[in-house]
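Residues in the sequence shown are numbered consecutively from 13, following my numbering.
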Amino acid sequence: MRVLITGGAGYIGSHTVLHVLGAGHDVEVVDDLRNSTASIMPRLEDLSGRSIPLHVLDLCDRDATDRLITEGNFDAVIHFAGLKAVGESVAQPLDYYDNNLNSTISLLRAMGRHGVRHLVFSSSATVYGDTALPPFQEKLPTSATNPYGWTKVMIEQILRDVAVADPSWRIALLRYFNPVGAHESGQIGEDPQGTPNNLMPYLAQVAVGRRERLAVYGNDYPTVDGTGMRDYIHVMDLAAGHVAALQALGRLEESVHTWNLGTGKPTSVLQMVAAFSRAVGRDLPYEVVARRPGDIAESYADPHLANVELNWRARRSVDEMCADTWRWQSLNPDGYPDA
Ligand code: NAD
Ligand code: UDP
């Protein structure tokens, strides 16, 4: 297949580029580099031994997106591009609705016009909102607690509607739990701009000396040790899930499929601090502070559907997630060089 990967210079997209190439497909990347850098591309080409065209354009630009799809002759698209910071989405909701919805609509119009109807979409466990209790199953109703989450709920609905209007579409809605880790080479990984919002990149920056200590957001939740629990999934397992979904789209009868990509096993903040400390070889400093507004106590997947229908399962342990994150962070203390 010829596969277009939107947001392919970003964290999850870049790891997926390697997996899709490894499965024998051709890949092109489109990214406007608003949250990534072109300096990742030579690394991806070195790791894969393949040439990977990068198209630098904003998917909200309908003419440019249309040209890209017309000229690319793609069989399928994996759509990662979007803004993803929860706190920023609360402060700047219009930026999130504008970019995440318009880029997707622009992409869908171009795909529809040129007969490219296989799409894998990056959704999120955030669509389970804060009402149901885990393990989360795909059939639960969706909702959200912030504008970022609402963009995922809305795009899922847009995609279902598109498939009702034209059932020849084949669409995978992949709901990721908490992607962490890095490629085992240590050459690519997560490189957040500014202060990291998420646990793993923050811990990695504490370990490498860029931050003094981790603030643990609350230890009075009803969990094993009082700290929040999440379903961390190694980004390379997540990447493999995209290849499995891509291949499944060709053989499945229904137009739209929704799959959780998670391990099904939750880990607490303190368990993660202990695992990362083992990877680094020393205890990492932390202090317990107040809860972070909007956090839920516990989130983890029921991954059964993906296990059965995609013949996929997350295999890497929390210790591997920490070892691989640490390899990336210690080899690249300041992330990617600027392009
Ligand atoms: P990322 O920011 O590293 O990658 C997204 C990429 O999209 C960036 O390289 C950015 O430059 C690009 N982009 C954004 N808007 C664009 C536009 N209009 N045109 C072209 N390129 C654009 O993020 P990530 O962590 O790799 O996440 C990828 C996808 O997975 C996102 O849709 C995100 O919402 C979703 N997701 C991420 C997580 C997570 O914890 N990282 C969890 C669930 C879902
Ligand atoms: N967390 C924390 N300190 C941080 C960042 C996160 O204690 O600096 C906690 C957070 O409260 C949650 C868990 O770590 O219980 C995972 O948070 P993250 O932001 O990585 O993922 P999300 O909450 O979006 O699932």
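Idealized CB from N, CA, C, for every residue including glycine. The structure displayed is predicted, hence computed values, not measured ones.
Own chain residues within Cβ distance below 8 angstroms of residue i, not counting five before or after
i: D350; result: T49, S51
i: R290; result: D331, C334
i: A4; result: Only positions 13 to 351 of the chain appear in this structure, which leaves residue 4 out of reach.
i: C72; result: D110, N111, N114, S115, S118
i: G22; result: D43, N47, S48, F92, A93
i: A260; result: A184, H269, E321, L322
i: P297; result: V218, E224, R225, L226
Beta carbon of residue i nearer than 7 angstroms to that of residue j
i: N158; j: V220; result: no
i: V281; j: G240; result: yes
i: V268; j: A137; result: no
i: A93; j: G19; result: yes
i: V15; j: V29; result: no
i: L258; j: V132; result: yes
i: S118; j: T77; result: yes
i: G274; j: D243; result: yes
i: E150; j: T270; result: yes
i: N272; j: R187; result: yes
i: H31; j: A287; result: no
Residue i - containing alpha helix (DSSP H), residue span
i: V228; result: Segment 226-229 is the beta strand (DSSP E) holding V228; no alpha helix (DSSP H) there.
i: A256; result: 247-261
i: P191; result: Element bounds for P191: not the alpha helix (DSSP H) but the beta strand (DSSP E), 190-192.
i: T28; result: 23-34
i: I117; result: 114-125
i: I170; result: 159-177
i: T337; result: 330-343
i: S60; result: 52-60
i: Y214; result: 211-219
Residues near residue i by beta carbon distance below 6 angstroms, same chain, minus five either side
i: V165; result: V139, T154, A156
i: L66; result: V41, M53
i: V300; result: V228, N231
i: A194; result: G201, D336, T337, W340
i: D203; result: G347, Y348
i: W162; result: A156
i: G198; result: R339, W340, L343
For residue i, the nearest candidate out of the options (CA to CA)
i: E266; options: H246, A252, D178; result: D178
i: L59; options: T143, Y160, I200, Q104; result: I200
i: H27; options: R125, E196, T279; result: E196
i: W324; options: Y348, A313, T270, H254; result: H254
i: S180; options: G25, P297, R172; result: R172
i: G61; options: R79, N85, G34, R46; result: G34
i: P146; options: A313, L261, E321; result: A313
i: F148; options: V102, P315, M13; result: P315
i: G262; options: I183, R303, L120, T143; result: I183
i: R79; options: R121, L186, I245, A260; result: R121
i: A318; options: S101, S311, V292, A256; result: A256
i: M13; options: L264, A286, H130, A216; result: H130
i: V192; options: I167, M284, H246; result: H246
i: D75; options: E100, A88, P105, R125; result: R125
i: I90; options: I24, A216, E57; result: I24
i: R304; options: Q217, L211, A216, A286; result: L211
i: E168; options: S135, G206, L264, V102; result: S135
i: K96; options: A144, N190, I64, D142; result: N190
i: M123; options: A88, Y108, A144, L106; result: A88
i: D107; options: S311, Y160, K277; result: Y160
i: V7; options: A302, A216, K277; result: Lying outside 13 to 351, the shown extent of the chain, residue 7 is not represented and no answer is given.
i: G206; options: I64, E100, S63; result: E100
i: G276; options: L264, I64, S311; result: S311
Close-in-space but distant-in-sequence residues of the same chain around residue i (CB under 7 angstroms, 5 per side omitted)
i: D44; result: V68, L69, D70
i: D249; result: A326, R327, R328
i: G306; result: T157, N158
i: Y214; result: P208, R223, L226
i: R55; result: Q199, I200
i: V292; result: A219, W338
i: L152; result: Y140, A144
Residue i: first and last residue of the uninterrupted beta strand (DSSP E) it sits in
i: L392; result: With the chain covering only 13 through 351, there is no way to say anything about residue 392.
i: L95; result: No beta strand (DSSP E) holds L95; DSSP gives it neither H nor E.
i: E83; result: Counting along the chain, E83 falls outside any beta strand (DSSP E), though it belongs to the alpha helix (DSSP H) covering 74-84.
i: D38; result: 38-42
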